[in-house]
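**Q**
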Amino acid sequence: MNNFLNMLFASREMVGVVLLVLIVLLCLIGLSIVLVPGNKIAIVERRWLGRKMPRGRVVAMPGQVGILAKTLEPGLHFILPFVFSVRKIAFQQIGVGEVGLVESIDGEPVPTGRIFAKVVPEHDAFQDGVKFLANGGQKGPQLQILPPGTYRINSNLFHVNKVKPIVVGTGQIGIVTAMDGQPIPSGKLLGESVPGHDNFQDGQAFLENGGQRGPQLDILLPGTYRINTALFRVGIKEAMVVPPSQVGLVLAKDGLPLPDGERIAKMVSGHDDYQNAHKFLAQGGQRGPQLEILRPGTYYINPLMFKVELDDIIEVERGEVAVYISNVGLPPTEEMKNQQATFDNSSASADVGHGERYVVPKGYRGIWEEVAGPGHYYLNRWAYIPHIIRTTNQTFEWENSAKTRFDSLKVISKDGFLIDITLKIVVRVWPEQCPYLVAKVGSVEILAQDVIHPMIESQFRNQASSISAMNFLLNREDEQARAHKQVRAELRKYYVECVSVLICQVSLPEELMQTQTRRIIAEQQTEMFARQQVAEEARIATEKTRATADQQIDLVRAEIDSKAAYEVKSTTITIAEGKAREIEVISQAKADAYRLQSEILGEEAITAIEIIRQVAEGKIKITPEVMAGAGQGGLMDVVLAQLVRDGKGWSAPARAIQASPERRATGKPAAPAPSPKLPAAKTPAAAKPRTGTEPAAGAVKPSPEKPAPSPATVLSSEMQVATAPAAKAQAKPETKADAPKPAAKPSPEGPAKKSQEGPAKPPAAGQPAKAAAKTVAANPQAKADGPKPGNGAARKAAQAAGAKPEGKGQGKA
């Protein structure tokens with residue numbers, strides 16, 4: 001039993017030992033097992049039982065005491081407790097929009113002159129520290145970067161710095177400066193472009209291909225770049241924008257030097273408007289001002305390589321031309337120089353452009369003879385200097401005003417007075433003459449300042465010194481023409497046409513002007529009074545014309561009536577003259593006949609024959625106052641008795657003429673009475689219609705106050721025929737006014753017109769008496785019966801006197 005108990009107690013002790021051993025084993029096993037979660041890694045440190053690390057190393061390789069380069073991946077791991085210690089850390093996270101810059105804490109030293117460690121292979125993005133160190137990884141900043149992702153990196157070997165990627169926005173560029181690489185050759189400003197670095201995102205390729213330290217020739221265009229910012233410093237700049245109506249003038253900061261005597265670099269191709277600086281240099285581009293310009297637009301140009309200056313485009317308006325002075329091109333030939341010297345004999349020239357004063361064809365260096373007309377031009381002002389010249393009229397003024405370039409001219413006259421002159425000069429340059437003007441003086445502004453102004457001052461000083469002040473004022477037009485002639489001749493030498501010289505105002509001293517003013521006022525007053533007089537006369541004429549116009553209708557009517565009356569008068573006078581001539585001829589013939597009869601037969605016989613003929617024809621009705629009875633004498637006794645009764649003897653015909661009623665009434669001898677046989681003359685009274693109470697035409701109208709004529713009276717009238725020549729000699733010739741007027745023409749307006757004009761005017765005085773004296777009352781019954789027997793002797797006597805026999809052909813009474 002005791003043995004059993006002893007054995008029992010002994011077994012218990014063994015169990016305790018076993019349990020203790022088991023507990024120790026379990027503890028050892030627990031300490032040796034390392035469980036690494038899925039989002040972490042374990043960094044192992046070997047405390048003892050190993051080799052020492054080499055001098056200068058920080059991270060131990062396998063078998064060395066220290067923090068091991070190798071890490072424990074997520075999972076279950078067994079380690080020797082108390083030999084190794086484990087520290088768990090989280091994975092390295094590189095987020096989107098980030099890059100990881102790695103710096104190695106241990107490794108080989110970086111060679112002298114280098115900043116960044118070389119790239120070693122097979123380290124799996126710095127996740128295998130053992131291979132990194134085994135393959136010769138170097139201590140310091142690493143060229144390789146970590147893109148966005150999760151990395152199991154030993155933080156005791158590698159330090160990761162998370163930075164933002166390089167983002168170049170729209171309208172921007174990235175200027176890159178390399179912190180490591182080959183040195184830039186002497187004389188160069190920028191590092192040469194090297195291939196294969198993928199916009200500086202592959203630093204290893206950049207360095208391996210000979211990338212140079214410093215500012216880089218290549219730039220970053222808009223975009224996002226994962227660049228090692230420790231190796232490349234990137235500056236963001238705005239792209240070059242050339243706005244509308246401007247140009248970009250480019251100045252290259254690097255390249256081949258300019259040849260001697262050249263101001264503008266030669267043009268090279270293939271550089272894509274200076275956006276490919278590598279091509280520019282490769283093609284032999286020269287530093288300095290470039291010939292090619294940038295037109296409006298956006299350009300991604302490296303500002304470290306090219307400097308761009310903005311300049312306005314050339315705008316040539318209508319009425320203008322542009323003359324170009326070229327600083328580039330072929331030099332002018334000797335023939336061009338000789339031709340220019342022949343064209344312009346003057347040796348004076350303006351300093352224009354590059355000192356070239358020759359007018360040359362386009363493409364040569366000098367002043368181009370071809371001008372640019374109106375338009376917009378993108379011009380490089382470094383290569384071509386434009387001179388805009390107006391081809392229309394340009395006016396330069398001399399006046400005391402802030403707006404004018406020159407003050408008024410002050411000159412001294414011949415008589416010592418100060419004259420202040422304001423004037424204008426108008427000039428014009430023809431387009432084809434503009435290049436020669438530029439060659440001569442440079443520009444119109446220089447011409448005005450250095451040529452025209454001194455010329456005008458000198459010209460008017462000379463003119464004023466040769467004339468008095470008042471005459472200069474009064475003869476301003478002549479002085480102006482004189483100045484224009486002289487200035488025009490002078491400006492022609494500068495290829496400028498003087499259109500006109502205009503004297504605007506001439507100001508004389510006040511005391512001189514007062515005298516002239518008083519004289520002018522007096523002259524003006526005199527002229528004013530004269531003009532007033534003329535005005536009043538014109539007003540009178542106007543009023544007269546107005547009054548005449550108001551009475552124009554009456555004047556026209558009166559003028560027409562006057563012309564009609566004149567025509568009637570002319571007609572009447574012509575008719576009267578014809579009838580007077582007719583009566584004169586007939587009376588002369590009768591007088592000649594009676595004179596012959598009287599010479600042959602005697603006056604008494606002729607008288608008796610005529611009385612008998614008149615009584616026999618019945619033209620005279622006789623109421624005898626002396627009766628002849630039986631036993632008394634014959635007809636002669638009766639006639640003698642009648643004469644005795646009247647107290648008149650058988651006297652000469654002169655007493656019969658004195659006893660004529662017309663003689664007593666007018667004091668003139670009566671016109672000879674026509675023969676009873678002759679036709680009665682037509683008078684204006686014959687045109688009137690007869691009434692029942694009027695006597696026959698040509699009949700003698702008996703006066704109501706006097707008795708009918710006696711046979712002696714009739715005999716006295718007949719006796720006038722014999723004495724017609726004597727009476728004609730004593731009587732004055734009839735005037736046209738005494739001639740009978742023709743009957744008035746019937747008015748076309750009819751009776752209405754006559755009634756408006758009033759009653760018809762009575763015939764002129766003496767007209768009926770003359771008609772009655774020239775006609776003898778005829779007996780219609782006697783005309784109808786014809787000649788009676790026993791009157792043959794009377795008819796013969798009448799025919800001898802020139803009268804026509806009765807019957808056919810006899811005129812109307």
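Each residue of the sequence shown is one higher than the last, beginning at 1 in my numbering. Cβ coordinates follow ideal geometry from the N, Cα and C atoms, glycine included.
1. Could you tell me the distance, in whole angstroms, from the CA atom of G16 to the CA atom of P81?
2. Roughly how many angstroms separate the alpha carbons of I314 and L379, rounded to a whole number?
3. Report yes or no: is there a C-beta of chain C within less than 8 angstroms of the C-beta of G319?
4. Just to confirm before moving on: does the CB-CB distance between V427 and E497 stay below 8 angstroms?
5. Tell me, please, which residues DSSP counts as bridged to W368.
6. Between L249 and M267, how many whole angstroms is the CB-CB distance? I'm expecting something under 8 angstroms.
7. Let me know if P254 comes out buried or exposed under the rule of 16 or more other beta-carbons within 10 Å of its beta-carbon.
8. If I follow the unbroken beta strand (DSSP E) through I425, where does it start and stop?
9. Would you kindly report the start and end of the unbroken alpha helix (DSSP H) that includes R46?
10. Classify F815 as helix, strand or coil using the three-state DSSP reduction.
11. Using 8 angstroms as the cut-off, can you tell me whether the stretch 534–547 makes contact with the stretch 502–514, which would need three or more C-beta pairs spanning the two stretches below that distance?
12. Going by alpha carbons, who is nearest to A814 out of T404, R357 and E320?
13. Could you give the distance in angstroms between the alpha-carbon of E73 and the alpha-carbon of F158?
14. Over the uninterrupted alpha helix (DSSP H) stretch that includes K485, give me the two end residues.
15. Taking the alpha helix (DSSP H) that L555 belongs to, which residues open and close that run?
16. Within the same chain, show all residues whose beta-carbon is closer than 6 angstroms to that of P215, passing over the 5 residues directly before and after it, in chain order.
17. If you scan the stretch 99–163 from start to end, which runs of the beta strand (DSSP E) of 3 or more residues do you find wholly inside it?
18. Rounding to the nearest angstrom, what Cα-Cα distance links P431 and G169 in this structure?
19. Tell me the rounded alpha-carbon separation between A348 and T333.
20. Roughly how many angstroms separate the alpha carbons of A69 and L256, rounded to a whole number?
21. State the CB to CB distance for the pair R357 and G329, rounded to an integer number of angstroms; the pair is presumed to be in contact (CB under 8 angstroms).
22. Just the Cα atoms here: how many angstroms apart are T391 and A448?
23. Would you check if the distance between the CB atom of L423 and the CB atom of L409 is smaller than 8 angstroms?
24. Does the contact criterion of 3 or more C-beta pairs under 8 angstroms hold for the stretch 140–151 versus the stretch 103–113?
25. Using a Cβ-Cβ cutoff of less than 7 angstroms, which residues in the same chain neighbour F78 once the five nearest sequence positions on both sides are dropped?
26. What did DSSP end up calling Y300 once you bin it into helix, strand or coil?
27. Could you tell me whether the stretch 120–129 touches the stretch 179–197, where touching means 3 or more Cβ pairs closer than 8 angstroms?
28. Just to confirm the assignment, what range does the beta strand (DSSP E) spanning T397 have?
29. So, helix, strand or coil for D15, using DSSP?
30. Measure the alpha-carbon distance for E122 versus G235 and round it to whole angstroms.
31. For Y274, which option in L251, E262, L258 and R263 has the closest C-alpha, if you only look at C-alpha atoms?
32. Does I219 come out as helix, strand or coil in the three-state DSSP assignment?
33. When we look at the beta-carbon of M528 and count the other beta-carbons within 10 Å, is it buried (16 or more) or exposed?
34. With contact counted as at least three CB pairs below 8 angstroms, one residue from each stretch, are the stretch 532–542 and the stretch 462–475 in contact?
35. Based on the DSSP output, what are the partners of S500 in its beta bridges?
36. Rounded to whole angstroms, what's the CA-CA distance from A277 to G284? Just pull it up for me.
**A** Walking through what the data contain:
1. On the sequence shown, residue 16 is found 16 positions in, with the first residue counted as 1. On the sequence shown, residue 81 is found 81 positions in, with the first residue counted as 1. Rounded to whole angstroms, G16 to P81 spans 24 angstroms at the Cα level.
2. Taking the first residue of the sequence shown as 1, we reach residue 314 at position 314. Taking the first residue of the sequence shown as 1, we reach residue 379 at position 379. Roughly 7 angstroms between the two C-alpha positions.
3. Of the chains in the structure shown, none is chain C; there is only one protein chain.
4. In the sequence shown, residue 427 corresponds to position 427, counting from 1. In the sequence shown, residue 497 corresponds to position 497, counting from 1. Yes. Within cutoff.
5. Indexing the sequence shown from 1 puts residue 368 at position 368. Per DSSP, V360.
6. Numbered from 1 along the sequence shown, position 249 holds the residue referred to as residue 249. Numbered from 1 along the sequence shown, position 267 holds the residue referred to as residue 267. Not a contact, Cβ separation roughly 14 angstroms.
7. In the sequence shown, residue 254 corresponds to position 254, counting from 1. Looking at the sequence itself, residue 254 is Asp, so the reference to Pro does not match. By the neighbour-count rule (16 or more Cβ atoms within 10 Å), D254 is buried.
8. Position 425 of the sequence shown holds residue 425. Taken as a continuous stretch (DSSP letters only), the beta strand (DSSP E) holding I425 covers L418 to R428.
9. Taking the first residue of the sequence shown as 1, we reach residue 46 at position 46. Looking at the DSSP string, R46 is not in any alpha helix (DSSP H); the run it does join, the beta strand (DSSP E), is K40 to R46.
10. No answer is possible for residue 815: the residues shown for the chain start at 1 and end at 813.
11. no
12. Past the boundaries of the shown model lies residue 814; the chain is included only from 1 to 813, so the question cannot be answered.
13. One-based indexing of the sequence shown puts residue 73 at position 73. One-based indexing of the sequence shown puts residue 158 at position 158. For E73 and F158, the distance between alpha carbons rounds to 17 angstroms.
14. Walking along the sequence shown from the start, residue 485 turns up at place 485. Run containing K485: R476 to L491, per the alpha helix (DSSP H) assignment.
15. Start at 1 with the first residue of the sequence shown, and residue 555 comes out as number 555. Taken as a continuous stretch (DSSP letters only), the alpha helix (DSSP H) holding L555 covers Q552 to L601.
16. For the purposes of this step, residue 215 is identified with residue 215 of the sequence shown, where counting begins at 1. Contacts found: T177, L190 and L304.
17. 99–104, 140–146, 149–151 and 158–163
18. By one-based count along the sequence shown, residue 431 stands at place 431. By one-based count along the sequence shown, residue 169 stands at place 169. Separation of P431 and G169 (C-alpha to C-alpha, rounded to the nearest whole angstrom) is 50 angstroms.
19. Reading the sequence shown from its first residue, position 348 is the one you call residue 348. Reading the sequence shown from its first residue, position 333 is the one you call residue 333. Caution applies to A348, whose pLDDT of 38 falls short of 50 and renders its modelled position unreliable; the model cannot decide the point.
20. Here residue 69 refers to the residue found at position 69 when the sequence shown is read from its first residue. Here residue 256 refers to the residue found at position 256 when the sequence shown is read from its first residue. Rounded to the nearest angstrom, the two C-alpha atoms are 53 angstroms apart.
21. In the sequence shown, counting from the first residue as 1, residue 357 sits at position 357. In the sequence shown, counting from the first residue as 1, residue 329 sits at position 329. R357 to G329, Cβ: 15 angstroms. No contact.
22. Position 391 of the sequence shown, counting from 1, holds the residue named residue 391. Position 448 of the sequence shown, counting from 1, holds the residue named residue 448. Roughly 15 angstroms separates the two Cα atoms.
23. Position 423 of the sequence shown holds residue 423. Position 409 of the sequence shown holds residue 409. Cβ distance < 8 angstroms, so L423 and L409 count as in contact.
24. yes
25. As a first step, residue 78 must be located in the sequence shown, where it is residue number 78. S32 and I33.
26. Start at 1 with the first residue of the sequence shown, and residue 300 comes out as number 300. The three-state reading of DSSP puts Y300 in coil, since its state is none of H, G, I, E or B.
27. As far as the Cβ criterion goes, the stretch 120–129 does not touch the stretch 179–197, which means the pair count is below three.
28. For this step, residue 397 is matched to residue 397 along the sequence shown. The residue asked about is misnamed: residue 397 is Glu in this sequence, not Thr. Unbroken beta strand (DSSP E) run through E397: Q394 to W398.
29. Sequence index remark: in the sequence shown, residue 15 carries index 15 (1-based). In the sequence under discussion, the amino acid at residue 15 is Val, which differs from the Asp named in the question. It is helical.
30. Residue mapping note: residue 122 aligns to position 122 of the sequence shown, counting from 1. Residue mapping note: residue 235 aligns to position 235 of the sequence shown, counting from 1. Computed Cα separation, rounded: 33 angstroms.
31. Position 274 of the sequence shown, counted from the first residue, corresponds to residue 274. It is L251.
32. What you label residue 219 is simply residue 219 of the sequence shown in a count that begins at 1. Note: I219 maps to strand in three-state DSSP.
33. Locating residue 528 in the sequence shown gives position 528, where the first residue counts as 1. When all chains shown are included, M528 counts as exposed.
34. no
35. Along the sequence shown, one-based indexing puts residue 500 at 500. BP columns for S500 point to V426.
36. Locating residue 277 in the sequence shown gives position 277, where the first residue counts as 1. Locating residue 284 in the sequence shown gives position 284, where the first residue counts as 1. The alpha-carbon atoms of A277 and G284 are separated by roughly 11 angstroms.
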